[in-house]
Amino acid sequence: MSRIEEAILSFKEDFNCAQSVFGTYATHYGLDRDKALKISAGFGGGMARCGRTCGAVTGAFMVIGLKNGMGLNKDTEAKEKTYQLINEFSNKFQEKNGSLICKELLGCDINTPEGIEYFN
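Note that the sequence shown covers residues 3 to 122 in this note's numbering.
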């Protein structure tokens, strides 16, 4: 199964978008899946259903950081590379999808009963 198929399956199993992306890819960079799912739990629905930055996007940001980011070694080159990669990802995602904002992507506010019903 491809990572994309794995992420889609996670989403169908009721994990949010951020969990589906981060939980799938984090294991490939040494992070336990359960921890990855817990770390990313609050990012779904555009930050806890606030409709802001898309959970799939924030999940991808976390994967990029996990793979390339600055840790305790204070590698500032890694920090800059991470920012560059996230900016590139953001631009490509926005070009392809028209927005980085959850409620704009979904066409509804999932922080309302109507939005939750529409989305489900």
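For each residue, glycine too, the CB sits at the ideal point set by N, CA and C. Remember, it's a predicted structure, so these values are computed and weren't measured experimentally.
Three-state class that DSSP yields for residue i in the structure shown
{"i": "residue 41", "result": "helix"}
{"i": "residue 55", "result": "strand"}
{"i": "residue 64", "result": "helix"}
{"i": "residue 117", "result": "helix"}
{"i": "residue 187", "result": "Examination of residue 187 is not possible in this model, given that the chain is present from 3 through 122 alone."}
{"i": "residue 34", "result": "coil"}
Separation of residue j from residue i, as counted between CA atoms
{"i": "residue 13", "j": "residue 24", "result": "11 Å"}
{"i": "residue 78", "j": "residue 84", "result": "10 Å"}
{"i": "residue 99", "j": "residue 74", "result": "35 Å"}
{"i": "residue 32", "j": "residue 26", "result": "11 Å"}
{"i": "residue 60", "j": "residue 20", "result": "6 Å"}
{"i": "residue 105", "j": "residue 9", "result": "20 Å"}
{"i": "residue 103", "j": "residue 76", "result": "31 Å"}
{"i": "residue 38", "j": "residue 119", "result": "27 Å"}
{"i": "residue 34", "j": "residue 69", "result": "14 Å"}
{"i": "residue 47", "j": "residue 91", "result": "19 Å"}
{"i": "residue 52", "j": "residue 116", "result": "14 Å"}
{"i": "residue 5", "j": "residue 114", "result": "31 Å"}
{"i": "residue 44", "j": "residue 89", "result": "22 Å"}
Identified DSSP bridge partners for residue i
{"i": "residue 112", "result": "Per DSSP, none; premise fails for residue 112."}
{"i": "residue 103", "result": "55"}
Residue span of the alpha helix (DSSP H) that contains residue i, given as start and end
{"i": "residue 97", "result": "78-99"}
{"i": "residue 8", "result": "5-14"}
{"i": "residue 26", "result": "19-28"}
{"i": "residue 48", "result": "46-49"}
Distance cut-off 7 Å: residue i Cβ against heavy atoms of the ligand MN
{"i": "residue 15", "result": "Here there are no bound small molecules, and the ligand MN is not part of this structure."}
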